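One structure is given below, encoded as structure tokens.
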Amino acid sequence: MTAAAFTKNLRSERLVLRPLRPADASRITDLVNDPRVYRMLSGVPAHQNVAQTLAWMSPLDARRAADTAHVFGIESGGELVGVVSGERDRPPLPFSIGYWLVPDCWGRGYMTEAAATLIDWLKQRSERAFIAGYFADNPASGRVLSKLGFLKAGRMPKFCLGRGETVDHFDMAR
């Protein structure tokens, strides 16, 4: 596949998924600094700054070209409201589906819609297996994954950078 094939926007009924741009760094930083967001993500620190966000974003184009990360901003009404991703160490390992959404958009089905759109796109590219996970104190994320066909595959503690502690975590697969 060409690099262009990895950079197109994906559309669902209500959302646009698009590759992230450096201009998104400030907005992403503002959104992930909400404790309701960073407490549910294993790798996001509390009080992340724009430089940290840019450092996270900088390898995404190369990883997209290497088919190890497909990270999309989620837009609703032209506004960036979250991120959905499929990431893996190397092909042919399964993609790990990850996501977060601004709390104002919770409970609207956006996350299920965005993740389903990403998974459908990955399946069109012949991907078949996917993994994901969620912290036990975030049952809404577990419901999203269940709606997407994921089944619990294990339970083990996982360190959460934003909390600075290890948290009970469910692994899922489909």
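Quick note: the sequence shown uses numbering that gives the first Met the number 0, first residue 0, plus one each step. We put the beta carbon where it would ideally sit given N, CA and C, even for glycine. Since the model is a prediction, treat every value here as computed from it, not as a measurement.
*What span of residues does the beta strand (DSSP E) with Val80 cover, start to end?*
Glu78 to Glu86
*In terms of residue numbering, what span does the alpha helix (DSSP H) encompassing Thr116 cover?*
Looking at the DSSP string, the run of the alpha helix (DSSP H) that includes Thr116 is Tyr109 to Gln123.
_Runs of 4 residues minimum, wholly inside the stretch 34-101: which ones carry the alpha helix (DSSP H) assignment?_
Those alpha helix (DSSP H) runs which fall completely within the stretch 34-101 and span 4+ residues are 34-37, 49-56 and 59-64.
_Proximity of Phe94 and Leu16 at Cβ, strictly below 7 angstroms_ = no
*For Asp136, which three-state DSSP category applies?*
coil
*Is the beta carbon of Pro102 sitting closer than 7 angstroms to the one on Arg35?*
Going by C-beta atoms, Pro102 is nearer than 7 angstroms to Arg35.
*Proximity of Met110 and Val143 at Cβ, strictly below 7 angstroms*: yes
*For the ligand ADP, is there a heavy atom less than 6 angstroms away from the beta-carbon of Ala152?*
This structure does not include the ligand ADP; it has no bound ligands of any sort.
*State yes or no: is the C-beta of Val83 within less than 7 angstroms of the C-beta of Ala114?*
With contacts defined by Cβ atoms closer than 7 angstroms, Val83 and Ala114 form a contacting pair.
*Would you mind sorting Gly153 into buried or exposed? The rule is 16 or more other CB atoms within 10 Å of its CB.*
exposed
*asked:* Taking the straight line between their C-alpha atoms, what separation do you get for Leu19 and Pro156?
replied: A straight-line Cα-Cα distance of about 30 angstroms links Leu19 and Pro156.
*asked:* Here's a check: name, in chain order, each residue in its chain whose Cβ is nearer than 6 angstroms to the Cβ of Ala172, leaving out the five neighbours to either side.
replied: Here the set comprises Ile130 and Ala152.
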